[in-house]
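Chain order of the listed sequences is A and B.
Oh and the first sequence: position 3 is 2 in numbering that gives the first Met the number 0, straight run, nothing missing.
Oh and the second sequence: position 307 is 306 in numbering that gives the first Met the number 0, straight run, nothing missing.
Using N, Cα and C, we set each Cβ at its ideal position, and we do this for glycine too.
Presented below is the structure to which this report refers.
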Amino acid sequence: MKQDAYGMTGALSISESSPLRKVDPRTKLALCLAASLAVMLPLQKVAVFFVLYFMFLAWARLLPGALRQIWKLKWILAVLFVVDWLVVSPELAVVVTLRLVIVAGVFAMFFSTTTPSELCLALVWMRVPYRYAFSLGLSFQAVGHINSEWRKILEAQKARGAFSAPSGWRYPVEQVKNLVSLTVPAVVLAAKRAWSMTEAAYARGFESPNRRPYKALLMSRADWFIVSGAAFIFILILSWRLP
Amino acid sequence: MAVIQVNDLTYAYPQGRSVGPCSFTVEKGEFLHVTGSSGCGKSTIARCISGLIPHIYHGKMTGEVLINGRSTLSTRMWELSELAGFVFQNPSMQMLGNTVEEEIIIGLENLGLDRAEISGRLEESLGRFGLDSLRGRDPQTLSGGEQQKLALAAITSRRPPVLVLDEPLSMLDVSAATELTRYLSLLSRSGTTVIAFEHRADYLSSLPGVRVMALDSAASVKFSRRRASASCPDCKCGAKPLVISNICVNAGKTRILENMSLTVQSGSVTAIVGRNGTGKTTLLRAITGLQPFEGSVTVNGKKPDFGLVCQNADLQIFNAAVRSEILYRVNNPDMKLYARLLEILGLGRYENTPPLILSEGEKKRLALATVLIRKPEHGVLLDEPSLGQDAAHKHTLMELCAEIASTGKTVILTTHDLHLASMADRIVVLGPDGVTASGRTEDILADDSIWARAGMFVPGWITEDERKGITA
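This is how it looks when you write it as C-alpha cells:
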C-alpha cells in the first residue's frame, strides 16, 4: 500500500501481491459482470456462489481488503436485513444481504487490482470514446485523494485554531460550523483539482487525433483460464436443478 | 524572427479581475524571465501564451498572441500544446498518471509517437530529472520538489519549441533549482524558447543571456538584506526554548525523522532548510502535535502551543470575507492587532472580499493573519511562507517575524529560499541523517562543509554581506 508523508494512502490502494493484479482488466470486468448477474439467482444458488466467490477472493489474497469494504457497509446491511426480515421474510433478508455483500466484494476486487489507466484501456477497448474513458479514469483516481485531503484540511483547521469552540452534541451550531470549515475547503480543493487536471490534460495534448497508446491489452493464458473457469462455474450453477 | 508575439493583450476573468494590456515579443532560443509582484497577472499571461486562455477559460480576451505566426485564438488546443509546453505553478494538483512513468507517458502518447520513441524519451527524462528510482511511485506521494521535477519532465519530454514555466523554482531546494536553471539555459542555447515567470530572480539572473521583463514597477523592489531580528539574544522575557528530544516519525514503513534532537531559542526567527524530502514539513507537524511521533517536544516541560500556517493556504480558508476569516472564533479579538495585520500584510483593501478569489500569495498572507490574530502562546510555524510571494512581501513577512520574535516568541519557518533563510536569526540545516547543523545564520552560511554534508551549497549570489549578516 502506498503512503505519503502524512502516513495516508495515496491515490489508490492497489494490492500488488494479488495474482489478479497481473490479470487483464477485461477479464476482471468479465468476472464483475458474471458476479453481478449471479446476484439475481435464488437463495440457495446465491449462497453457493457466495461461498465460491469468497474462496476465490481468498485465493486472490483480496479477502481482508474486501472484508474491510464490506465492514464499512455494516449499518446499511444491518438495517436492510432487519427491515426485510420484519416486512417481508427471513429468506429475502438473507438473500438481499448476500447480494449486497457480493457486489461490495466485486468492487473491492476490481478496484484494488486495477489502476485508472488500466480501466481507461479496458473502456477504450469497449469502444468508449477516449475522452470519456480518460475522464472516468481520472475521476476514479481523484476519489482516492478525498480521504487524504479531508484529513489534511482537518489538521490545517486545527492548526489555525478553527476548532477551538466546545464540542459535543450539546453544541449543534458549533458542530455545523466545524463541518462548514471542513466542507468548504474540501469542495474548493476538489473543484480546483478538477480544473487543474483539465488544464494539465489540455496542456499535454488531450484530444489530439494523433494519439497512440503506449500500453496495449493482452489476454494471457491465465486470463483465458480464469474467464473459461468462471464461465464453467456460472453455467454449472445455472443448470443446477433445485429440489 | 519572433517566435512569440503578444499584441495589446488584455484578459478579464468572469469574476472581474483583469490583466493587461501588454505587448512583447520573444525571439527563437531566447530565455525570457518575467517578473512582477504577487497578483499582477503573471500566471494569466502564461496561460494566454500556452493557449489555455481562451480555449478553456471563458473570460474576455482582447489583443492576440501568436506562436510561430499562428494565433492562439484560431489554432486548436492540442496543436498549441505541441508548440508551447506549459509547466504549472502547483504540480500536485495536476498529476494525471497513477505512477511517475505514466505521468510522462500520457503526454508522449498524445504526440502520436511509436512505442520505441516513447520508451527512449521516458528513460531520458527519468534520468535527466533524477526520477529513475521513483518511476513506480504514485506522484501524489512525492515531495513538492519531486513533483515539480516530474511536471517538468512530463512537459520537456514532449520537446516543445517553446517552454512556458509558471514559478518553476518555487518548490525546489537550492541544488535542484540551480540544476534546473542550468538545464533551462541549456535548452535555450539549443534553440528552445524559454519563458519563465518567476519570483526567485537570483537563480535566473546569474545565467548568461537571460532577458528580464518586469510586468510592474513593484517587481523591481530588491530583496532587503536586513537581518530579521537580533531580538531577545539573551532573552530576559522569561520565555523558554522549544526542546525537541529524540523524535522519530514514521509514515508507513518509511522513517522520515530518526532520533532528531534540536533546541530552538525563543525570541528568535529560525529557518529550517534542507533538500526536498528531508522532513521539514513533518518536523513542523510534529511540533504542533498533528503528526504522531516518538520522543518529546516541549517548552518548559509542557506541550507547546504553536500556530501553523500550512504550505497550501486553501486548506485553511473557508469564510465569506477576509474580515470574517481572520476573526473566525477569536474570543475578544485584539482589533488593533487586526488592523495592523491587514495593513502590513497588504490585505486592507480586501477586507470584504471573499478569500477564495484572492491570489495564491494573498491567500497565504491571509492564512498567516488567521494564525497571528490568535496570539499562540509560544509562537508560529510557517511552512514555506515565501511560495508565490514577491520580494516586497517576503521583506514584510520577515519584518513581521522579527516583530513576533521580539516579544519573546519563537518563529520557525521552513524554506527553500536561501535569501529568506539568510534573514533569519538562526538556521537549522536538515540533511539525510537529520539535523546536519544548527546555529547563528552568519556561522551557518559561512561554513561550506555544513552545506556539503546536507547535499546543498550556498549560491554565489548570497553575497558576502548576507553571509556576514550585515544589515541594510
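Practice prompt. Tell me, please, which residues DSSP counts as bridged to B/F23.
Written response: According to DSSP, B/F23 bridges with B/V5.
Discussion item. Give me the DSSP bridge partner(s) of B/D165.
Written reply: Looking at the DSSP output, B/D165 shares a beta bridge with B/F196.
Worksheet item: Are there three or more Cβ pairs, one per stretch, closer than 8 Å when the stretch 352-370 of chain B is compared with the stretch 126-143 of chain B?
Response: no
Discussion item. What would DSSP say about B/E81, mapped onto helix, strand or coil?
Written reply: helix
Worksheet entry | Listed by chain order, chain B residues near A/A155 by CB distance under 7 Å | C309, L314 and Q315
Worksheet item: B/R425 CB to nearest chain A CB: under 8 Å?
Response: no
Worksheet item: Within the 8 Å Cβ cut-off, does A/F109 reach chain B?
Response: So no, A/F109 is outside the interface.
Item to complete: Note down the Cα distance separating B/E116 from B/M94, rounded to an integer number of angstroms.
Response: Approximately 22 Å, taken between the alpha carbons.
Worksheet item: Mind listing which residues of the stretch 100-115 of chain B have their C-beta closer than 9 Å to chain A's C-betas, in chain order?
Response: Within the stretch 100-115 of chain B, the residues whose Cβ lies closer than 9 Å to any Cβ of chain A are, in chain order, E101, I104, I105, G106, L107, E108, N109, L110, G111, L112, D113 and R114.
Worksheet item: Measuring CA to CA, which of B/D7, B/Q310, B/N331 and B/A338 is closest to B/V321?
Response: The residue with the shortest Cα to Cα distance from B/V321 is B/A338.
Discussion item. For the structure I just gave you, are there three or more beta carbon pairs, one from the stretch 168-177 of chain A and one from the stretch 306-316 of chain B, closer than 8 Å?
Written reply: no
Worksheet item: From B/L300 to B/I246, what does the alpha carbon distance come to, in whole angstroms?
Response: For the record, residue 300 of chain B in the displayed sequence is Gly; it is not Leu. Distance between the alpha carbons of B/G300 and B/I246 is about 15 Å.
Worksheet item: Name the DSSP bridge partner or partners of B/Y10?
Response: B/V18 and B/M60
Discussion item. Between B/L130 and B/A153, how many whole angstroms is the CB-CB distance? I'm expecting something under 8 Å.
Written reply: Not quite, the Cβ-Cβ distance comes to about 10 Å (not below 8 Å), so this is no contact.
Practice prompt. Return the chain-ordered list of same chain residues with a C-beta closer than 7 Å to the C-beta of B/A1, the five sequence neighbours on each side being excluded.
Written response: T24, V25 and E26
Worksheet item: Can at least three beta-carbon pairs, one atom from the stretch 9-27 of chain A and one from the stretch 110-125 of chain A, be found at a separation below 8 Å?
Response: Touching, yes.
Worksheet entry | chain A residues whose Cβ lies nearer than 7 Å to that of B/Y327 | A161
Item to complete: Taking all protein chains shown into account, decide if B/D233 is buried (16 or more other Cβ within 10 angstroms of its Cβ) or exposed.
Response: At B/D233, the pLDDT of 49 sits below 50, so the modelled position is not reliable and the matter cannot be decided from this model.
Fill in: 4 or more residues per run - each alpha helix (DSSP H) lying fully within the stretch 127-205 of chain A
129-159 and 171-202
Discussion item. Please list, in chain order, the chain B residues whose beta carbon lies closer than 8 Å to that of A/G167.
Written reply: Those within 8 Å of A/G167 in chain B number zero; the least Cβ separation is about 16 Å.
Worksheet item: Do you know offhand how far A/L181's Cα is from A/R159's?
Response: 13 Å
Item to complete: Count the C-beta pairs between the stretch 420-433 of chain B and the stretch 367-379 of chain B that are closer than 8 Å, then say yes if the count reaches three, no if not.
Response: Not touching, per the Cβ criterion.
Worksheet entry | Test item: CB-CB of B/G58 and B/T74 under 8 Å | no
Fill in: Endpoints, alpha helix (DSSP H) assigned at B/E441
Segment T440 to A445, the alpha helix (DSSP H) holding B/E441.
Worksheet entry | chain B contacts from the stretch 202-221 of chain A (Cβ-Cβ distance under 7 Å) | A202, R203, G204, F205, E206, S207, N209, R210, R211, P212 and Y213
Practice prompt. Starting from the beta carbon of A/A141, find every residue of chain B whose beta carbon is closer than 7 Å, and list them in chain order.
Written response: Correct list: empty, because the minimum Cβ distance to chain B is about 10 Å.
Worksheet entry | Cβ distance (whole Å) where B/T287 is taken to contact B/F305 below 8 Å | Yes, they are in contact, since the Cβ atoms of B/T287 and B/F305 sit about 5 Å apart, within 8 Å.
Discussion item. Can you find the residues in the same chain that come closer than 7 Å, C-beta to C-beta, to A/L36, ignoring five residues on each side of it along the sequence?
Written reply: none
Practice prompt. Check whether the Cβ atoms of B/S156 and B/L107 sit closer than 8 Å, and answer yes or no.
Written response: yes
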